[in-house]
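Visitor: Before I ask anything, here is the structure I am working with.
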Amino acid sequence: MQSGRKIRVLIAKPGLDSHDRGAKVVARALRDAGMEVIYTGLRQTPEQIVETALQEDVDVIGLSILSGAHMALFPRIMELLKEKGLTDVVVFAGGIIPEEDIPELKKIGIKEVFGPGTPTETIIKYVLENAPKRR
Amino acid sequence: MVKIEEVVKGVLAGDKRSVARAITMVENSPEEAQSLIAAVYPNTGKAHILGLTGPGGSGKSTLIEKMIREYRRRGKTVGIIAVDPTSPFTGGAFLGDRIRMQELTTDDGVFIRSMATRNNPGGIAKATKDAVKILDASGKDVIIVETVGAGQSEVEIIKVAQTIIVIHAPGLGDEIQAIKAGIMEIADIFVINKADRENADKAVMDIQAMLQLDNKEKAWTPPIIKTVALTGEGVPQLIEKIEEHWRFLQKGLLHKRSLEKAEAELVEAIKDKVTSSIIKKLKREKRFEEILRRIVDREIDPVSAAEKLLDQILE
Ligand code: B12
Ligand SMILES: Nc1nc2c(ncn2[C@@H]2O[C@H](COP(=O)(O)OP(=O)(O)OP(=O)(O)O)[C@@H](O)[C@H]2O)c(=O)[nH]1
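So the protein lines, in turn, are chains D and H. Each residue of the first sequence is one higher than the one before, starting from 7 at the first, in the working numbering. Each residue of the second sequence is one higher than the one before, starting from 3 at the first, in the working numbering.
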């Protein structure tokens, strides 16, 4: 019964940031690794991201942000996920996120953060190892 | 592990999380799909199911966004299944159709689900039919299925949808040629999108000419609607035509088509069940290996071997 299962990943771009190269690179890499990748497109509110994750029933959410607004947007996303009961979804992130912000982000439930220059193999390996085995 | 009964209860109550879970179940597991569909089936058959097909880049996703808005203005709830292809090499898929619909994601009367074909041929996934039933049972008034956009052989959609909309746009290379094969015959409504562009009228005329070639007597002649999906121009007229087709179907054709669909689904289910149970039984028997050996040794061909085995079983 496990054979039909595919890892479903949501790659989301929160806020007004329109740097989308990284998000697309990551989305393509995960697709080529055999996953089903849903991409939100640019300028998403936390509400839109969480609602999309719910409707698409994803296993993993990857947030891509280069605008510097992560400390404002990520906590709201994590709060909404909890509100909607999506606590088994693994959330990770990438983009321009200063080292000193990472401990705070991990505290609110962001599992991992990957900065510029991360090889896509590292990201694929991380998802394969950390996607929840919930069905 | 989620209990199926709980998911069913949620689906019938219109709970989005349950609907999402249910669709995952029908995608991943034939066993769960069977119990789930059995439980929700009595509550299906109320929605109007639309199929939207046409070549990539013709504007399907953009048009659907505008269609949803128009339906919402009319007080209807809408479910969308947007199908994109799975890579036959990696098994992965990039599902990007909903990008153009994201503004509607947080509307409680709208549910959008992306679905990969998982290598099912014909423009939709194997689970699309079941996912439509789940959305139907959850109370959506209108369900729109967006097929993958190759524009050639997406005719599987007729097994799922009641009103088929075939979309095309000027400037997509070999023009109307792209929707000739098979697709033309299944259209209930034609849309020429990107009517803001040159040559839109030529595309309309091409379709008209093609429709005139077909001189069979028809109770419904497919209308041709021009739209600009970017602005929403022509979309109210399109929805009007869709409603007109719905009323037309309800005059009798819908019942006839439902019977045909029921027959097709029943026959397919019987085929699946019979095949898998016979194969399972045969594989346990010695003569199965024996006959495989004989096929390899060219003592008997595969089709005659199958006939022989079946004759023995059905005796
Ligand atoms: C290219 C670029 C642009 C392009 C963007 C094109 C596009 N469509 O993406 C353009 C020219 C449009 C642009 C505009 C601007 N930019 Co700019 N831009 C860059 C630049 C040079 C490279 C970004 C990039 O594409 N890298 C390549 C990709 C592949 O790498 P990546 O995104 O980092 O992704 C990798 C990892 O971060 C990670 N990753 C990324 N996302 C995710 C998601 C997940 C889930 C995971 C696991 C991993 C992951 O994996 C990827 C692969 O390793 C950076 C500087 C830099 N070196 O990063 C500045 C930079 C991001 N921009 C910056 C700024 C300020 C701007 C502007 C505001 C400039 C202005 N004043 O107009 C505008 C804002 C535009 C907007 N509305 O958002 C700043 C941001 C500063 C900050 N955050 O504090 C930077 C850091 C430059 C700087 N040093 O000041 N920019
Ligand atoms: N000029 C013009 N462009 C349009 C119109 N409708 C859609 N487009 C553009 O056409 C492109 C393709 O639109 P989509 O909605 O993604 O088309 P699609 O048929 O869903 O494409 P696939 O998902 O690849 O099958 C986009 O760049 C749209 O902005 C229109 O009415 N006029």
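Glycine included, each C-beta is placed from N, C-alpha and C at the ideal position.
1. Using a beta-carbon distance cut-off of less than 9 Å, what residues from the region 30-53 of chain D approach chain H?
2. Decide if H/I159 is buried, meaning its Cβ has at least 16 other Cβ atoms within 10 Å, or exposed.
3. Thinking just about the alpha-carbon of each residue, which of H/G56, H/D138, H/D86, H/G94 is nearest to the one in H/A41?
4. In three-state DSSP terms, what is D/D23?
5. What are the start and end residues of the alpha helix (DSSP H) that includes H/E148?
6. In whole angstroms, what separates the C-alpha of D/R37 from that of H/V150?
7. Helix, strand or coil for H/S116 per DSSP?
8. If we require 3 or more residues per run, which beta strand (DSSP E) segments fall completely within the region 214-259 of chain H?
9. Output the residues surrounding ligand 2, defined as those with a CB atom closer than 6 Å to any ligand heavy atom, in chain order.
10. In chain order, what residues of the same chain lie with their CB nearer than 6 Å to the CB of H/I302, ignoring the 5 residues before and after it?
11. Relative to the alpha-carbon of H/D190, which residue among H/K135, H/L65, H/I226 has its alpha-carbon at the smallest distance?
12. Do you know how far the Cα of H/L311 is from the Cα of D/A39?
13. Tell me the residue span of the alpha helix (DSSP H) that contains H/I297.
14. So H/I185 and H/V157 are in contact, right, with Cβ under 8 Å, and what is the actual spacing, rounded?
15. Give a yes or no on whether 8 Å exceeds the smallest Cβ distance from D/R27 to chain H.
16. Name, please, each residue of chain D whose Cβ falls closer than 9 Å to the Cβ of H/F113.
17. Ordered along the chain, which non-local residues of its own chain (more than five positions away) have a Cβ less than 6 Å from that of H/P304?
18. Counting Cβ pairs, one atom from each stretch, are 3 or more of them under 8 Å apart for the region 106-123 of chain H and the region 17-37 of chain H?
19. Please check the pair D/I103 and D/G121, which I expect to be a contact at CB under 8 Å, by giving their CB distance rounded to whole angstroms.
20. Along chain H, in chain order, which residues have C-beta atoms closer than 7 Å to that of D/E57?
21. Along chain H, in chain order, which residues have C-beta atoms closer than 7 Å to that of D/R11?
22. Look up H/Q36 in the DSSP assignment and say whether it is helix, strand or coil.
23. What residues from chain D crowd round H/S60, counting only those whose CB sits closer than 9 Å?
24. Determine which residues of the region 89-102 of chain D have a Cβ less than 9 Å from any Cβ of chain H, and write them out in chain order.
25. With a threshold of 7 Å on Cβ separation, who are the neighbours of H/Q239 within its own chain once the five nearest residues in sequence on each side are excluded?
26. Of all the alpha helix (DSSP H) runs that stay within the bounds of the region 52-100 of chain D, which reach a length of 4 or more residues?
27. Would you mind working out which of H/T229, H/R289, H/R199, H/T107 sits nearest D/T46, comparing C-alpha positions?
28. Using CA coordinates, which residue listed in H/H50, H/K220, H/G173, H/K283 is at the minimum distance from H/A200?
29. Entirely within the region 75-108 of chain H and at least 3 residues each: give me those beta strand (DSSP E) ranges in chain order.
30. Could you work out which residues of chain C lie near H/I25, taking near to mean beta carbons separated by less than 8 Å?
31. Taking 7 Å as the line, does the beta carbon of H/F96 fall inside it for any heavy atom of ligand 1?
Guide: On the basis of the coordinates in this document:
1. A33, R34, L36, R37, D38, A39, G40, M41, E42, V43, I44, Y45, T46, G47, L48, R49, Q50, T51, E53
2. Taking the first residue of the second sequence as position 1, residue 159 of chain H is located at position 157. It is buried - the Cβ of H/I159 has at least 16 other Cβ atoms within 10 Å.
3. Taking the second sequence and counting its residues from 1, the one referred to as residue 41 of chain H is at position 39. Answer by Cα proximity: H/D138.
4. As a first step, residue 23 of chain D must be located in the first sequence, where it is residue number 17. D/D23: coil per DSSP, three-state reduction.
5. The residue given as residue 148 of chain H occupies position 146 in the second sequence. Looking at the DSSP string, H/E148 is not in any alpha helix (DSSP H); the run it does join, the beta strand (DSSP E), is 144-148.
6. As a first step, residue 37 of chain D must be located in the first sequence, where it is residue number 31. As a first step, residue 150 of chain H must be located in the second sequence, where it is residue number 148. Roughly 17 Å between the two C-alpha positions.
7. Position 114 of the second sequence holds residue 116 of chain H. Strand, per DSSP.
8. 226-228
9. H/G58, H/G59, H/S60, H/G61, H/K62, H/S63, H/T64, H/D99, H/R102, H/G151, H/N195, H/K196, H/D198, H/R199, H/V230, H/A231, H/L232
10. On the second sequence, residue 302 of chain H is found 300 positions in, with the first residue counted as 1. The residues are R296.
11. Numbered from its first residue, the second sequence carries residue 190 of chain H at position 188. The candidate whose alpha carbon is nearest that of H/D190 is H/I226.
12. Here residue 39 of chain D is taken as the residue at index 33 of the first sequence, counted from 1. Here residue 311 of chain H is taken as the residue at index 309 of the second sequence, counted from 1. If I take the Cα positions, the gap works out to 42 Å.
13. Position 295 of the second sequence holds residue 297 of chain H. Here the alpha helix (DSSP H) through H/I297 covers 288-298.
14. Sequence index remark: in the second sequence, residue 185 of chain H carries index 183 (1-based). Sequence index remark: in the second sequence, residue 157 of chain H carries index 155 (1-based). Yes, H/I185 and H/V157 are in contact; Cβ-Cβ is about 7 Å, under 8 Å.
15. Position 21 of the first sequence, counted from the first residue, corresponds to residue 27 of chain D. No, its Cβ sits nowhere closer than 8 Å to a Cβ of chain H.
16. In the second sequence, residue 113 of chain H corresponds to position 111, counting from 1. By Cβ distance, chain D contributes Q61.
17. On the second sequence, residue 304 of chain H is found 302 positions in, with the first residue counted as 1. For H/P304, where only same-chain residues beyond five positions count, the Cβ hits under 6 Å are I297.
18. yes
19. In the first sequence, the residue the question calls residue 103 of chain D occupies position 97. In the first sequence, the residue the question calls residue 121 of chain D occupies position 115. Their Cβ separation, rounded to whole angstroms, is 6 Å, which keeps D/I103 and D/G121 in contact under 8 Å.
20. For the purposes of this step, residue 57 of chain D is taken as the residue at position 51 of the first sequence. Within chain H, the residues near D/E57 are T107, T108.
21. Here residue 11 of chain D refers to the residue found at position 5 when the first sequence is read from its first residue. What D/R11 touches in chain H: N30.
22. On the second sequence, residue 36 of chain H is found 34 positions in, with the first residue counted as 1. It is helical.
23. Reading the second sequence from its first residue, position 58 is the one you call residue 60 of chain H. What H/S60 touches in chain D: nothing, since even the nearest Cβ is about 19 Å away.
24. K90, G91, L92
25. In the second sequence, counting from the first residue as 1, residue 239 of chain H sits at position 237. Counting only Cβ-Cβ distances below 7 Å, and skipping sequence neighbours, we find I227.
26. 52-62, 76-89
27. By one-based count along the first sequence, residue 46 of chain D stands at place 40. Checking every option, the nearest Cα to that of D/T46 belongs to H/T107.
28. The count along the second sequence starts at 1 and reaches residue 200 of chain H at position 198. For the record, residue 200 of chain H in the displayed sequence is Glu; it is not Ala. Considering only alpha carbons, the answer is H/G173.
29. 80-86, 95-97
30. Given the protein chain composition of this structure (D and H), no chain C is represented.
31. The residue labelled residue 96 of chain H in the question sits at position 94 within the second sequence. Checking every heavy atom of ligand 1 against the Cβ of H/F96, none is found closer than 7 Å.
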